[in-house]
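Below is one structure; the comments refer to it alone.
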Ligand code: SF4
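Numbering (our numbering), first residue to last: 40 to 551.
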């Protein structure tokens with residue numbers, strides 16, 4: 040797939056008398072129209088509402104499924120968000136096309152300003168914009184999709200008929216699932232295939248949906264969205280980083296600054312900095328073994344178990360687990376005691392002080408730039424790429440399906456539930472898998488889906504003992520299934536987004 044540089048092209052949005060042909064935009068050109076302050080605020084709030092809907096529905100339904108699409112439409116109707124539609128079919132929208140597209144365009148750029156400030160905000164914004172983009176794409180007709188690609192200079196050429204005939208057996212076998220209704224060979228003959236370097240279609244390679252030969256992946260036309268979404272992600276990601284350069288100007292503006300601040304805060308809900316979840320407000324190192332069995336999500340159980348077994352965790356594991364412990368209420372002094380006790384079962388105390396103490400004090404904002412670091416969210420953990428010997432990451436994202444099944448079977452969970460979890464995991468829905476797992480180990484069906492490991496922990500404490508979390512509704516006390524610890528390392532990892540960027544203070548530290 041090739042894209043023109045497009046330097047000489049002005050976005051069609053600014054052309055006189057232009058009629059939009061597609062609801063999709065790549066948001067390459069910033070808006071230059073006048074926007075009143077009240078419009079600015081209204082646009083920002085509506086787009087946040089829309090992105091929150093996309094996020095929340097994505098946590099409850101399989102993305103791309105019919106239920107997912109229906110649920111988003113329903114939520115949008117409830118939230119009166121017709122001003123930011125998913126498609127342009129509706130006549131009432133066509134009548135207000137210019138207005139609707141302006142709102143979509145401007146609101147995207149407003150949120151770019153609000154969400155470019157930190158890595159977490161950028162990650163959240165990019166993930167929701169990508170899901171919205173995919174959803175809108177899926178609702179377009181094949182002709183509209185082709186027109187969009189042409190308009191946006193996405194030039195590609197299907198492989199020739201002779202090349203297709205030559206590779207027909209391989210293309211058929213690797214691309215289509217066996218079907219009793221249609222001949223797969225006929226399907227392959229009627230499908231266009233595009234040849235691109237396999238690195239541009241890692242998602243499809245990972246899920247074994249394409250044929251690869253000599254480093255080239257053969258993408259069927261119905262999967263071409265993967266290439267377009269990669270392009271969209273790359274563009275928005277780079278634009279967000281560039282936008283940070285304008286931040287100082289925005290912060291000086293006392294009309295826009297507060298609106299942008301409020302936008303950024305609005306998406307997060309609870310920020311898990313340091314919370315008191317346990318009676319009397321204290322989590323101590325002595326409580327962690329029991330808590331890990333009862334209430335830790337599998338990503339943290341895995342780290343706790345590996346730390347206890349090997350008396351060591353590599354840097355990324357320490358960051359993931361250390362900030363989670365901070366989030367559940369382990370104080371800095373207790374964290375130092377906990378980590379030192381474990382590590383010093385195989386090294387001397389002086390060496391530990393030199394190599395690891397700074398890292399813990401840094402996480403609690405007592406060293407370096409003294410920032411108050413927050414625990415990692417599910418989306419951040421899922422986007423990590425655990426290397427050999429590392430146990431960070433999400434087991435529902437980074438563990439091979441057969442290994443995951445084996446571990447779940449070891450916990451005596453029922454077969455139907457295990458099948459559901461493994462299926463969610465295989466299809467790339469780790470949080471849905473985790474939610475199902477939560478319901479099963481807590482012996483109830485509350486339809487919970489975590490968006491953060493500390494969210495999982497809080498919900499678990501609330502289910503197990505409703506009185507321990509302040510301000511939450513009481514529920515009957517339930518007895519959890521105690522979870523056996525796991526010892527295997529994550530397998531089959533893949534990089535989805537760029538790696539986390541670390542504070543420069545940490546770059547000089549031990550990365551062992
Ligand atoms: S979905 Fe989130 S909470 Fe659950 S195991 Fe994965 S990272 Fe942890």
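The beta carbon of each residue, even a glycine, is placed where N, CA and C say it ideally should be.
Query, Result
"So what does DSSP say about residue 63, is it helix, strand or coil?", "coil"
"Please find out if some non-hydrogen atom of the ligand SF4 comes closer than 7 Å to the beta-carbon of residue 495.", "yes"
"For residue 485, count the other beta carbons within 10 Å of its own beta carbon; 16 or more makes it buried, fewer makes it exposed. Which is it?", "exposed"
"For residue 491, which of helix, strand or coil comes out of DSSP?", "coil"
"Is DSSP giving residue 184 helix, strand or coil here?", "helix"
"Where do the ends of the alpha helix (DSSP H) carrying residue 124 lie?", "Unbroken run through residue 124: none, as it is neither H nor E."
"On the premise that residue 430 lies in contact with residue 368, defined as a C-beta separation below 8 Å, what is that separation, rounded to the nearest angstrom?", "Incorrect: roughly 23 Å between the Cβ atoms, too far for contact."
"For the 8 Å Cβ check, are there 3 or more pairs between the stretch 204 to 211 and the stretch 84 to 101?", "no"
"Write down the C-beta distance between residue 257 and residue 232 rounded to the nearest angstrom, noting that I regard them as a contact closer than 8 Å.", "5 Å"
"Could you give the first and the last residue of the continuous beta strand (DSSP E) run that contains residue 485?", "Unbroken run through residue 485: none, as it is neither H nor E."
"Within the continuous beta strand (DSSP E) that includes residue 325, where are the two ends?", "It is not in any beta strand (DSSP E) - residue 325 carries neither H nor E in the DSSP assignment."
"If you run the structure through DSSP and keep just helix, strand and coil, what is residue 521?", "Its pLDDT being 45, under 50, residue 521 is placed unreliably in this model, and the value from its coordinates should be taken loosely. It is coil, neither helix nor strand."
"For residue 493, count the other beta carbons within 10 Å of its own beta carbon; 16 or more makes it buried, fewer makes it exposed. Which is it?", "buried"
"Taking the alpha helix (DSSP H) that residue 233 falls in, what are its first and last residues?", "Unbroken run through residue 233 is the beta strand (DSSP E), 232 to 236; no alpha helix (DSSP H)."
"Give me, in chain order, the residues of the same chain whose beta-carbon lies closer than 8 Å to that of residue 285; leave out the 5 immediate sequence neighbours on both sides.", "152"
"For residue 488, collect the residues of the same chain with a Cβ closer than 7 Å to its Cβ; drop the 5 residues on either side in sequence, then sort them by chain order.", "98, 99, 470, 471 and 474"
"Between the C-alpha atoms of residue 323 and residue 341, what's the straight-line distance to the nearest angstrom?", "19 Å"
"For the beta strand (DSSP E) holding residue 259, just list the boundary residues, first then last.", "255 to 259"
"In its own chain, which residues sit with a C-beta less than 8 Å from the C-beta of residue 443, not counting the 5 before and 5 after it?", "434, 435, 460, 461 and 464"
"Can you have a look at residue 280 and say buried or exposed, based on whether 16 or more other CB atoms are within 10 angstroms of its CB?", "exposed"
"Is residue 566 buried or exposed, if buried means 16 or more other CB atoms sit within 10 Å of its CB?", "No information on residue 566 is available, as it lies outside the stretch 40 to 551 that the chain covers here."
"From this set, 445, 149, 166 and 491, which residue's C-alpha is nearest residue 76's C-alpha?", "149"
"Taking the Cβ atom as the reference point for each residue, do residue 496 and residue 370 lie within a distance shorter than 8 Å?", "no"
"Any heavy atom of the ligand SF4 closer than 7 Å to the CB of residue 187?", "no"
"Take the Cβ of residue 299 as the centre, count every other Cβ of all protein chains shown within 10 Å, and call the residue buried at 16 or more, exposed below.", "buried"
"Decide if the stretch 179 to 191 is in contact with the stretch 155 to 162; the criterion is three or more beta carbon pairs, one per stretch, under 8 Å apart.", "no"
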